[in-house]
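Participant:
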Amino acid sequence: MKSVFCHLLSVLALLGLAHPFQPAFARQDPAPVRAEVARFLNIQSHSLPGEVSVQVGDFASDNALPACLQLEAFLPPGSRQWGRLTVGVRCLAPSTWSAYVPAEVRVQGVYLVTAAPLLAGQIIGTNDLRRETGELSAQASDVLTDPSQAIGYAARISLAAGKPLAASHLRLPPAVVQGQPVKVISRGAGFEVANDGTALSTASDGQGAQVRLSTGQVVRGVARNGGFIEIITP
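Reading the sequence shown from the start, the letters are residues 14 to 247 in the numbering used here.
(1) My parser needs the beta strand (DSSP E) runs of 3 or more residues fully inside the segment 164-243; what are they?
(2) Take Gly134 and list the residues in its own chain whose beta-carbon comes closer than 6 Å to its own, dropping the five residues that flank it on each side.
(3) Just confirm the distance between the C-beta atoms of Thr127 and Ala179, as a whole number of angstroms; I'd bet it's less than 8 Å.
(4) Just to confirm, are Leu105 and Leu84 a CB contact at a threshold of 9 Å?
(5) Please report the Cβ distance between Ala236 and Gln220, rounded to the nearest whole angstrom; I am assuming they are in contact, meaning their Cβ atoms lie under 8 Å.
(6) Gly234: which of Ala151, Val195, Leu183, Ser58 sits nearest, CA to CA?
(7) Comparing alpha-carbon positions, which option in Ser111, Gln193, Leu213 lies nearest Pro89?
(8) Does the segment 156-172 come within contact of the segment 198-208, defined as at least 3 CB pairs closer than 8 Å?
(9) Does His182 pass the burial test, meaning 16 or more other C-beta atoms within 10 Å, or should it be called exposed?
(10) Rounded to a whole number of angstroms, what is the C-alpha to C-alpha distance between Pro79 and Ser58?
(11) Let me check one thing: in DSSP terms, what residues is Cys104 bridge-paired to?
(12) Does the Cβ of Ile137 have 16 or more other Cβ atoms within 10 Å, making it buried, or fewer, making it exposed?
(13) If Gln193 and Gly240 are in contact, beta carbons under 8 Å, what's the gap, nearest whole angstrom?
(14) DSSP state of Gln152, grouped into three classes?
(15) Give me the Cβ distance between Ala116 and Val100, rounded to the nearest whole Å; I'm assuming they're in contact under 8 Å.
(16) Thinking C-alpha only, which one of Arg184, Gly70, Leu149 is nearest Ala163?
(17) Which residue's Cα is closest to the Cα of Phe72: Val65, Leu82, Ala51, Pro62?
(18) Around the C-beta of Ile56, are 16 or more other C-beta atoms found within 10 angstroms, so that it is buried, or is it exposed?
(19) Just confirm the distance between the C-beta atoms of Arg47 and Val67, as a whole number of angstroms; I'd bet it's less than 8 Å.
(20) Classify Phe53 as buried or exposed, calling it buried when 16 or more other Cβ atoms lie within 10 Å of its own Cβ.
(21) Within this structure, are the beta carbons of Leu131 and Ser171 separated by less than 9 Å?
(22) Output the boundary residues of the beta strand (DSSP E) element that contains Gln57.
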């Protein structure tokens with residue numbers, strides 16, 4: 014009887030069944046997951062303005078995910094490209110699963126700050142801006158990096174000197190202002206007529222605006238830079 018039991022143990026050992034603590038499947042190795050995240054972020058950061066460094070966080074070694082042969086990293090919708098973020102990793106083969114890995118993308122570069130206090134509505138010129146070098150990833154995601162992104166725009170709010178300038182701080186300057194005399198250009202198939210009028214609303218280039226013609230008639234058109242209201246007739 015003893016010899017039969019020993020023989021059975023030998024058979025179980027050969028089959029790998031004599032080790033009760035052996036996992037039922039191979040867990041996902043963290044190294045390939047972290048490598049895929051690093052590869053993905055380095056590609057994504059090529060277009061960022063400045064010197065980029067990528068740090069990938071830990072991926073649990075005691076995960077319950079089956080080993081994957083084909084990994085693909087992705088950014089969840091609405092994610093920003095820099096700063097602290099979470100990167101998704103999906104397994105495409107032989108099984109399918111998704112997991113998430115913390116990471117940080119730091120960018121050192123040049124961004125714009127206000128050289129002097131700005132008032133709401135003020136049109137921004139060259140002397141209102143200066144460049145500053147620092148960590149872009151610590152700024153707002155829409156921080157501006159080139160003067161052409163700001164010059165000629167109007168400040169949406171008042172800003173103190175030295176404030177990093179973001180796209181959300183700016184708006185297009187008005188093409189026409191309420192009460193301003195404007196030239197109304199009506200265009201159609203084979204004709205163009207010009208009239209004088211007074212703007213009844215403030216609008217930026219391309220926005221709709223109401224205008225009262227010299228005849229008293231109120232019409233609606235599209236504001237254009239230079240104090241024009243354009244009306245297109247089909």
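Built from N, CA and C at the ideal position, the CB exists for glycine as well.
Facilitator: So, from the listed chains and residues:
(1) 187-189, 194-201, 204-212, 221-226, 231-237
(2) Ala167
(3) Not confirmed; about 11 Å, so no contact.
(4) yes
(5) 5 Å
(6) Val195
(7) Ser111
(8) no
(9) buried
(10) 30 Å
(11) Leu84, Trp110
(12) buried
(13) 6 Å
(14) coil
(15) 5 Å
(16) Arg184
(17) Ala51
(18) exposed
(19) 11 Å between Cβ atoms; not a contact.
(20) buried
(21) yes
(22) No beta strand (DSSP E) contains Gln57, which is instead part of the alpha helix (DSSP H) from 43-57.
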